[in-house]
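Order-wise, the sequence lines are chains A and B.
Our numbering numbers the first residue of the first sequence as 228 and each following residue consecutively.
Our numbering numbers the first residue of the second sequence as -8 and each following residue consecutively.
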Amino acid sequence: CNKADLGPISLNWFEELSSEAPP
Amino acid sequence: HSAEQTEIEVPAWDSLNPGTLQLVSKLKNPSGSCSVDVSATWWEIAGFKQPCIVTACEYVVSLWKPLDAWQWEKIYSWHFTEVPVLQIVAVPDVCNLVCVALGNLEIREIRALLCSPDGKSEKQVLLSSGNIKAVLGLAKRRLVSSSGTLCDQQVEIMTFAEDGGSKEKQLLMPPEETILTFAEVQGMQEALLGTTIMNNIVIWNLKTGQLLKKMHIDDSYQASVCHKAYSEMGLLFVVLSHPCAKENELLGSPVFQLIVINPKTALSMGVMLYCLPHGQAGRFLEGDVKDHFAAAVLTSGTIAVWDLLLGHCTALLPPVSGQNWSFVKWSGTDSHLLAGQKDGNIFVYRY
């Protein structure tokens, strides 16, 4: 499969989603 | 299925190594009622932690301690009179504690099974009751459950005390759709996944209780069950089973599937389909995934085992003594496969 189809990837996705999500 | 699936070569049934599964032990449960589940747990006996087996019949749960030469001795039995046992809920990192879910079609109660401090009598503690939809034991002596539906859905984490009683409870933000199953993310103790009735995968932060993301997965297979997940290079890899998958002419019957999700964008794609060898028929009935091994009981009554890294089925276990298999579990205490039949026979295989 082609990783590019999944959009921009972040190694810190968990921390980033936690700072973006409502508390 | 779809163009995104990696093409795999499916070996024929007669090329599988029949020696991969070696029978090492058999437990016969004489209770007479229908056998429903099996699990492995650690229990302290005479000052030593020992790898024990837990068997569940409809109204009795029993703990078996190991003897010499792969023999087992039943040491405790917990009895239930009103509501039957549906499943054993294995909780990693606990000793001297077994959890069970009780109910008829849906879970009505979750109970902790223990024994008295002197070890002479069995005890049970009601942990939660109500309309429970999904439950899973988590690392660090925790148990997650969801109850209610839609607007009144509650997702709760319970942490156990050393004595097995519930120590503290924490609520997670519920998604606006019914949760079907939970799965841990390997190596990320603060992340939890859930699959929902709308074919979404949701992800929580267990430390804060936040619902981080709702990610829609391919609609090719309905009612997918999430068994295992791990995060690598910023992507989330998830192993699903497909109880409703139809046979595909090219690939055969897909039983498990590995998908990859980018949690930042919620975009996903299929990586690998784990199908039955040519000549084998059946759909997923029940199964378990541990490390990179997946085992499933098929509607045909056979157990099939896949090596998720190799990508193909490595062992098939046809019904034994004319009896179909009804459940299968990987032992959490060693690398054994526990296979059970409805009449109470439990077989232990070395894989």
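We treat Cβ as the ideally placed atom computed from N, Cα and C, and that holds for glycine.
Residue 226(B) burial status per 10 Å Cβ neighbour count (16 or more: buried)
Answer is buried; the Cβ neighbour count reaches 16.
Between 149(B), 216(B), 198(B), 70(B), which has its C-alpha nearest residue 189(B)'s C-alpha?
Closest option to residue 189(B), judged by alpha-carbon separation, among 149(B), 216(B), 198(B), 70(B): 216(B).
Boundaries (first-last residue) of the alpha helix (DSSP H) holding residue 245(A)
Residue range 240 to 247 is occupied by the alpha helix (DSSP H) that includes residue 245(A).
Which word fits residue 201(B), buried or exposed, when buried means at least 16 other C-beta atoms lie within 10 angstroms of its C-beta?
Answer is buried; the Cβ neighbour count reaches 16.
Spatial distance of residue 229(A) from residue 181(B) (CA atoms)
Distance between the alpha carbons of residue 229(A) and residue 181(B): 29 Å.
Would you call the segment 329 to 336 of chain B in contact with the segment 307 to 318 of chain B, where contact means no fewer than 3 C-beta pairs closer than 8 Å?
With contact defined as three or more Cβ pairs closer than 8 Å, the segment 329 to 336 of chain B and the segment 307 to 318 of chain B are in contact.
Listed in chain order, which residues of the segment 162 to 195 of chain B have Cβ atoms closer than 9 Å to some Cβ of chain A?
With the criterion set as a beta carbon lying under 9 Å from some beta carbon of chain A, the members of the segment 162 to 195 of chain B are 164, 176, 179, 181, 182, 194, in sequence order.
Residues, ordered as in the chain, of the segment 235 to 249 of chain A that lie near chain B by beta-carbon distance below 9 Å
From the segment 235 to 249 of chain A, only 235, 236, 237, 238, 239, 240, 241, 243, 244, 245, 247, 248, 249 have a Cβ closer than 9 Å to chain B.
Which of the three DSSP states is assigned to residue 233(A) in this structure?
It is helical.
Do residue 294(B) and residue 287(B) count as a contact pair if the criterion is CB distance below 9 Å?
Inclusion of residue 287(B) and residue 294(B) in the CB contact set at 9 Å is warranted, their separation being smaller than that value.
Spatial neighbours of residue 243(A) in its chain, beta-carbon cut-off 7 Å, leaving aside the 5 residues before and after
Sequence-distant Cβ neighbours of residue 243(A) in its own chain, meaning closer than 7 Å and more than five residues away, are 237.
Give me the chain A residues within the contact set of residue 225(B), using Cβ-Cβ distance strictly less than 7 Å, ordered along the chain.
The answer, in chain order, is 236, 237, 238, 240.
With 9 Å set as the bound, which would you pick, yes or no: does the beta-carbon of residue 75(B) sit closer than that to a beta-carbon of chain A?
Chain A contact via Cβ: absent.
Go to residue 259(B), then tell me how far its beta strand (DSSP E) extends in each direction, as first and last residue.
Residue 259(B) -> beta strand (DSSP E) spans 258 to 266.
Within the continuous beta strand (DSSP E) that includes residue 316(B), where are the two ends?
Following the DSSP letters along the chain, one finds residue 316(B) in no beta strand (DSSP E), marked with neither H nor E.
Segment limits, beta strand (DSSP E) that includes residue 128(B):
First-last of the beta strand (DSSP E) with residue 128(B): 113 to 129.
Hey, out of 263(B), 24(B), 87(B), whose CA is closest to residue 75(B)'s CA?
Nearest of 263(B), 24(B), 87(B) to residue 75(B), Cα basis: 24(B).
Does the beta carbon of residue 255(B) sit closer than 9 Å to a beta carbon anywhere in chain A?
So, interface residue.
Bridge partner(s) assigned by DSSP for residue 221(B):
Residue 221(B) has 177(B), 228(B) as its beta-bridge partners, per DSSP.
So residue 269(B) and residue 302(B) are in contact, right, with Cβ under 8 Å, and what is the actual spacing, rounded?
Contact between residue 269(B) and residue 302(B) does not hold, since their C-beta atoms are separated by about 15 Å, which reaches or exceeds 8 Å.
For chain A, check one thing: does any of its Cβ atoms lie closer than 9 Å to the Cβ of residue 252(B)?
Yes, because at least one Cβ of chain A sits closer than 9 Å to the Cβ of residue 252(B).
When the cut-off is 9 Å and only beta carbons count, does residue 203(B) lie next to chain A?
Closer than 9 Å: yes.
Go through its chain and collect everything with a Cβ distance to residue 194(B)'s Cβ below 6 Å, but skip five positions before and after it.
So the list reads 184, 203, 204, once near-sequence residues are dropped.
Tell me whether residue 141(B) sits in a helix, a strand or coil according to DSSP, three-state version.
Residue 141(B) sits in a helix when the DSSP states are folded into three classes.
Residue nearest to residue 191(B) in terms of C-alpha spacing, selected from 176(B), 179(B), 279(B), 172(B):
The shortest Cα separation from residue 191(B) among 176(B), 179(B), 279(B), 172(B) belongs to 172(B).
Using a Cβ cut-off of 9 Å, pull out every chain A residue sitting near residue 258(B), in sequence order please.
Result: 232, 233, 234.
Have a look at the DSSP bridge pairing and note the partners of residue 204(B).
Under the DSSP definition of a beta bridge, residue 204(B) partners with 194(B).
Can you give me the C-alpha to C-alpha distance between residue 336(B) and residue 17(B), rounded to a whole angstrom?
Going from the Cα of residue 336(B) to the Cα of residue 17(B) covers about 7 Å.
Excluding five sequence neighbours on each side, which residues of the same chain lie with their C-beta closer than 7 Å to the C-beta of residue 326(B)?
Once the five neighbours on either side are set aside, the close Cβ partners of residue 326(B) are 342.
Run down chain A in chain order and give the residues with a C-beta less than 9 Å from the C-beta of residue 199(B).
Chain order gives the chain A residues near residue 199(B) as 245, 248, 250, where near means a beta carbon separation below 9 Å.
Extent of the continuous beta strand (DSSP E) to which residue 341(B) belongs
Residue 341(B) -> beta strand (DSSP E) spans 336 to 341.
Who are the Cβ neighbours of residue 138(B) in its own chain at under 6 Å, not counting the five residues just before and after it?
Within the same chain, residue 138(B) has close Cβ partners 121, 122, 123, 145.
Residue range of the beta strand (DSSP E) that residue 327(B) falls in?
Segment 327 to 331, the beta strand (DSSP E) holding residue 327(B).
Residue 65(B) to residue 54(B), Cα distance in whole Å?
Looking at the two C-alpha atoms, the distance is approximately 6 Å.
How big is the Cα-Cα spacing for residue 348(B) and residue 161(B)?
With chain B covering -8 to 342 only, the question about residue 348(B) has no answer from this structure.
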